[in-house]
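Participant: Sharing a structure below in structure tokens format, with a few things to ask.
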Amino acid sequence: MNAAAARLGGAAADDHRFMQLALLLGRRGLGQTSPNPAVGAVVVREGTAGPVVVGRGWTQPGGRPHAETEALRRAGAAARGATLYVTLEPCSHHGKTPPCADAILAAGIRRVVSAIEDPNPLVAGQGHTRLRAAELAVDVGIGAEEARRAHAGHIARVRDTRPHVTLKLAISADGKVALSGRRPVTITGEDARTRVHLMRAQSDAILIGIGTALSDDPALTCRLPGMQARSPVRIVLDGTLRLPPESRLVRTAQETPVWVFAGRHAAGEAEQALRRKGVEIIDADIWQDRMDVRAVLRELAARGITRLMVEGGPITAGAFVAADLVDQAYLFCSELRIGPGGIGALEGLPLEALTQSPRLKLVNSEPIGADRLDYFERV
Numbered sequence: 001m002n003a004a005a006a007r008l009g010g011a012a013a014d015d016h017r018f019m020q021l022a023l024l025l026g027r028r029g030l031g032q033t034s035p036n037p038a039v040g041a042v043v044v045r046e047g048t049a050g051p052v053v054v055g056r057g058w059t060q061p062g063g064r065p066h067a068e069t070e071a072l073r074r075a076g077a078a079a080r081g082a083t084l085y086v087t088l089e090p091c092s093h094h095g096k097t098p099p100c101a102d103a104i105l106a107a108g109i110r111r112v113v114s115a116i117e118d119p120n121p122l123v124a125g126q127g128h129t130r131l132r133a134a135e136l137a138v139d140v141g142i143g144a145e146e147a148r149r150a151h152a153g154h155i156a157r158v159r160d161t162r163p164h165v166t167l168k169l170a171i172s173a174d175g176k177v178a179l180s181g182r183r184p185v186t187i188t189g190e191d192a193r194t195r196v197h198l199m200r201a202q203s204d205a206i207l208i209g210i211g212t213a214l215s216d217d218p219a220l221t222c223r224l225p226g227m228q229a230r231s232p233v234r235i236v237l238d239g240t241l242r243l244p245p246e247s248r249l250v251r252t253a254q255e256t257p258v259w260v261f262a263g264r265h266a267a268g269e270a271e272q273a274l275r276r277k278g279v280e281i282i283d284a285d286i287w288q289d290r291m292d293v294r295a296v297l298r299e300l301a302a303r304g305i306t307r308l309m310v311e312g313g314p315i316t317a318g319a320f321v322a323a324d325l326v327d328q329a330y331l332f333c334s335e336l337r338i339g340p341g342g343i344g345a346l347e348g349l350p351l352e353a354l355t356q357s358p359r360l361k362l363v364n365s366e367p368i369g370a371d372r373l374d375y376f377e378r379v
């Protein structure tokens, strides 16, 4: 290999390394930045001993400041002549803040390495075009596959007008999720529950059906040390407003938001009692005693939700699988056997409707303490 080829190979390796850092930084904002994407950015300049990181940034809680402006602020004057690595195309339009493209130009950046183009019609390549028009070098595509996963919620919201949906199930060795009579049972161990709490912290919202709310009386918060504030919006599908005012969800609605989707005919004292406790009631379409989950997702997207975790029981899980609305699924599999009287994971469907679906593929399987986690992803 000649010297020129060696330098080129080293530069490519550096690009991948710094994009990996930007992706890692961006993940800090997952579940905290909606409706904006959780972007990561790194400013790098050449030093005497090689490239040096002079600024790091990630989208801040609430979606602002953006990752690029954070990284540029931290880099200061060192940004002039440097390279900016960013996990999503810099914005080019005036929203609640000025365009990141303007900040990049003002900082004197000479090269931008962007993982993917932003599908948002307000951007859609215009950020890259603006930078190139100012004679910056712009490279797109490094880390693209990981970036598409990281920004799946943003992509789904702007492209499909719905959040990205993650289905979580804890299932016994014989494919059950509850005892006979829909009585709850602890299926997985502490390590699996810790992983679920982390998943909650990285989601904008978590959704269950009224059956789970009544049988389990869950809190649906993130109970990892120091991460209570990262608890997602809690959503209940409750067509006839049966959610008890004394439930843990309602009692904590002033601390962590609770949204209840209910049929339009359900207004009355039950609604007023929940509203007085701080619960938000959202009108929902009911058809043959079932809620239109597609309409629910459209409403959530309109409210800025990009990453939704579905943690409901068999009826809710089955509805999302049947409607082909599952983008990824986490199956926490236990060695516990419940027996023939147990309740199946998907109401009206065999578990194979998910595990053998042509729309989902098994991407990874790993031990989680005494349990196993199978991860499926939409193809």
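Using the numbering used here, read the sequence shown as starting at 1 and increasing by one per residue.
Glycine residues also receive a C-beta, built at the ideal position from the N, C-alpha and C atoms.
Rounded to whole angstroms, what is the Cα-Cα separation between ALA201 and ALA78?
Facilitator: As a first step, residue 201 is located in the sequence shown; it is residue number 201 there, counting from the start. As a first step, residue 78 is located in the sequence shown; it is residue number 78 there, counting from the start. Rounded to whole angstroms, ALA201 to ALA78 spans 34 angstroms at the Cα level.
Participant: Name the DSSP bridge partner or partners of VAL391?
Facilitator: Outside the displayed range of the chain (1 to 379) lies residue 391, so it cannot be described from this structure.
Participant: Taking buried to mean at least 16 other C-beta atoms within 10 Å of its own C-beta, is GLN403 buried or exposed?
Facilitator: Here the chain has residues from 1 to 379 only, and residue 403 is not among them.
Participant: Which two residues bound the contiguous alpha helix (DSSP H) that contains HIS128?
Facilitator: Residue 128 sits at position 128 when you count from the first residue of the sequence shown. Here the alpha helix (DSSP H) through HIS128 covers 126–133.
Participant: Taking only three categories from DSSP, how would you classify SER357?
Facilitator: If you number the sequence shown from 1, residue 357 lands on position 357. Three-state DSSP puts SER357 in coil, outside helix and strand.
Participant: With H, G and I counted as helix, E and B as strand and the rest as coil, what does DSSP make of THR186?
Facilitator: Here residue 186 refers to the residue found at position 186 of the sequence shown. Of the three classes helix, strand and coil, the one that applies to THR186 here is coil, per DSSP.
Participant: Starting from GLN272, trace the alpha helix (DSSP H) in both directions and tell me its first and last residue.
Facilitator: The residue given as residue 272 occupies position 272 in the sequence shown. GLN272 -> alpha helix (DSSP H) spans 269–276.
Participant: Pull up the distance between the alpha-carbon of GLU377 and that of GLU347, whole angstroms please.
Facilitator: Taking the first residue of the sequence shown as position 1, residue 377 is located at position 377. Taking the first residue of the sequence shown as position 1, residue 347 is located at position 347. The alpha-carbon atoms of GLU377 and GLU347 are separated by roughly 21 angstroms.
Participant: Return the bridge partner residues of ASP327 from the DSSP annotation.
Facilitator: For the purposes of this step, residue 327 is identified with residue 327 of the sequence shown, where counting begins at 1. Paired residue(s): none; ASP327 is not in a bridge.
Participant: Apart from the five residues just before and just after THR188, which ones in its own chain have a Cβ nearer than 6 angstroms to its Cβ?
Facilitator: Residue 188 sits at position 188 when you count from the first residue of the sequence shown. The answer, listed in chain order, is ALA170, PHE332, SER334, ASP371.
Participant: Rounding to the nearest angstrom, what Cα-Cα distance links ASP191 and VAL158 in this structure?
Facilitator: Position 191 of the sequence shown, counted from the start, is the residue given in the question as residue 191. Position 158 of the sequence shown, counted from the start, is the residue given in the question as residue 158. Distance between the alpha carbons of ASP191 and VAL158: 35 angstroms.
Participant: For the putative contact between GLY342 and LYS168, defined by C-beta atoms under 8 angstroms, what is the C-beta separation to the nearest angstrom?
Facilitator: The residue labelled residue 342 in the question sits at position 342 within the sequence shown. The residue labelled residue 168 in the question sits at position 168 within the sequence shown. Contact doesn't hold; Cβ gap of about 18 angstroms is too wide.
Participant: Verify whether the separation of the beta carbon atoms of VAL250 and LEU274 is less than 8 angstroms.
Facilitator: Within the sequence shown, the letter at position 250 stands for residue 250. Within the sequence shown, the letter at position 274 stands for residue 274. Cβ distance < 8 angstroms, so VAL250 and LEU274 count as in contact.
Participant: Which same chain residues, not among the five before or five after ALA144, have their C-beta less than 8 angstroms away from its C-beta?
Facilitator: In the sequence shown, the residue the question calls residue 144 occupies position 144. Result list for ALA144: ALA115, ILE116, in chain order.
Participant: Report the start-end ranges of each beta strand (DSSP E) in the segment 273–304 that is 3 residues or longer and not cut off at the edges.
Facilitator: Qualifying beta strand (DSSP E) stretches, in chain order: 280–284.
Participant: Beta-carbon separation of ILE315 and GLY211 under 8 angstroms?
Facilitator: Position 315 of the sequence shown, counted from the first residue, corresponds to residue 315. Position 211 of the sequence shown, counted from the first residue, corresponds to residue 211. Yes, the pair counts as a contact, with Cβ atoms nearer than the cut-off.
Participant: What separation, rounded to the nearest whole angstrom, lies between the Cα atoms of VAL185 and VAL86?
Facilitator: Indexing the sequence shown from 1 puts residue 185 at position 185. Indexing the sequence shown from 1 puts residue 86 at position 86. So the alpha carbons of these two residues sit roughly 45 angstroms apart.
Participant: Can you tell me whether VAL236 is helix, strand or coil according to DSSP?
Facilitator: As a first step, residue 236 must be located in the sequence shown, where it is residue number 236. Of the three classes helix, strand and coil, the one that applies to VAL236 here is strand, per DSSP.
Participant: My output table needs one value for CYS222: the three-state DSSP class, helix, strand or coil.
Facilitator: On the sequence shown, residue 222 is found 222 positions in, with the first residue counted as 1. CYS222: coil per DSSP, three-state reduction.
Participant: Return helix, strand or coil for LEU249, following the three-state DSSP convention.
Facilitator: Here residue 249 is taken as the residue at index 249 of the sequence shown, counted from 1. Helix, per DSSP.
Participant: How about ARG110 and ALA137: do their beta carbons lie closer than 8 angstroms?
Facilitator: One-based indexing of the sequence shown puts residue 110 at position 110. One-based indexing of the sequence shown puts residue 137 at position 137. Yes, they are a contact pair.
Participant: Do SER92 and LEU103 count as a contact pair if the criterion is CB distance below 8 angstroms?
Facilitator: Your numbering for residue 103 matches position 103 in the sequence shown. Your numbering for residue 92 matches position 92 in the sequence shown. Reading the sequence as shown, one finds Ala at residue 103 and not Leu. Taking 8 angstroms as the Cβ cut-off, ALA103 and SER92 do not qualify as a contacting pair.
Participant: Is it right to say ASP289 is buried, meaning 16 or more other beta carbons lie within 10 angstroms of its own, or is it exposed?
Facilitator: Locating residue 289 in the sequence shown gives position 289, counting from the first residue. The residue in question, ASP289, is exposed, as its Cβ has fewer than 16 Cβ neighbours within 10 Å.
Participant: What whole-angstrom Cβ distance do VAL112 and LEU88 have, given they're in contact under 8 angstroms?
Facilitator: Here residue 112 refers to the residue found at position 112 when the sequence shown is read from its first residue. Here residue 88 refers to the residue found at position 88 when the sequence shown is read from its first residue. VAL112 to LEU88, Cβ: 12 angstroms. No contact.
Participant: Determine the direct distance from the alpha carbon of ILE155 to that of ALA301, and round the result to whole angstroms.
Facilitator: For this step, residue 301 is matched to residue 301 along the sequence shown. For this step, residue 155 is matched to residue 155 along the sequence shown. Going from the Cα of ALA301 to the Cα of ILE155 covers about 11 angstroms.
Participant: Does the count of Cβ pairs from the segment 27–42 and the segment 59–76 closer than 8 angstroms reach three?
Facilitator: Result yes; three or more Cβ-Cβ pairs closer than 8 angstroms.
Participant: Could you give the residue range of the beta strand (DSSP E) that holds HIS164?
Facilitator: Counted from its first residue, the sequence shown places residue 164 at position 164. Segment 164–171, the beta strand (DSSP E) holding HIS164.
Participant: Given this structure, state the Cα-to-Cα distance separating ALA75 from GLY55, to the nearest angstrom.
Facilitator: Stepping through the sequence shown from its first residue, residue 75 is reached at position 75. Stepping through the sequence shown from its first residue, residue 55 is reached at position 55. Each residue's alpha carbon lies about 4 angstroms from the other.
Participant: Any idea if ASN364 is buried or exposed, counting beta-carbon neighbours within 10 angstroms, 16 or more meaning buried?
Facilitator: The residue you call residue 364 lines up with position 364 of the sequence shown. By the 10 Å Cβ count, ASN364 comes out exposed.
Participant: Rounded to whole angstroms, what is the Cα-Cα separation between SER172 and MET309?
Facilitator: The residue labelled residue 172 in the question sits at position 172 within the sequence shown. The residue labelled residue 309 in the question sits at position 309 within the sequence shown. Using only the alpha carbons, I get a separation of about 20 angstroms.
Participant: Going by other Cβ atoms of all chains shown within 10 Å of its Cβ, with 16 needed for buried, is GLN126 buried or exposed?
Facilitator: Start at 1 with the first residue of the sequence shown, and residue 126 comes out as number 126. Answer is buried; the Cβ neighbour count reaches 16.
Participant: Identify, in the order they occur along the chain, each residue of the same chain with its Cβ nearer than 7 angstroms to the Cβ of VAL279, setting aside the five sequence neighbours on each side.
Facilitator: Sequence index remark: in the sequence shown, residue 279 carries index 279 (1-based). So the qualifying residues of the chain are VAL250, ALA253, VAL258, VAL260.
Participant: Are there 16 or more other CB atoms within 10 angstroms of the CB of HIS409, so buried, or fewer, so exposed?
Facilitator: Since the first residue shown for the chain is 1 and the last is 379, residue 409 is missing from the structure and cannot be characterised.
Participant: What first and last residue would you give for the alpha helix (DSSP H) that runs through LEU214?
Facilitator: One-based indexing of the sequence shown puts residue 214 at position 214. Segment 210–216, the alpha helix (DSSP H) holding LEU214.
Participant: Is it buried or exposed, PRO340, if we count other Cβ atoms within 10 angstroms and call 16 or more buried?
Facilitator: Counting from 1 along the sequence shown, the entry for residue 340 is found at position 340. With fewer than 16 Cβ atoms within 10 Å of its Cβ, PRO340 is classed as exposed.
Participant: How is ALA106 classed by DSSP in three states: helix, strand or coil?
Facilitator: Taking the sequence shown and counting its residues from 1, one reaches residue 106 at position 106. Three-state result, ALA106: helix.
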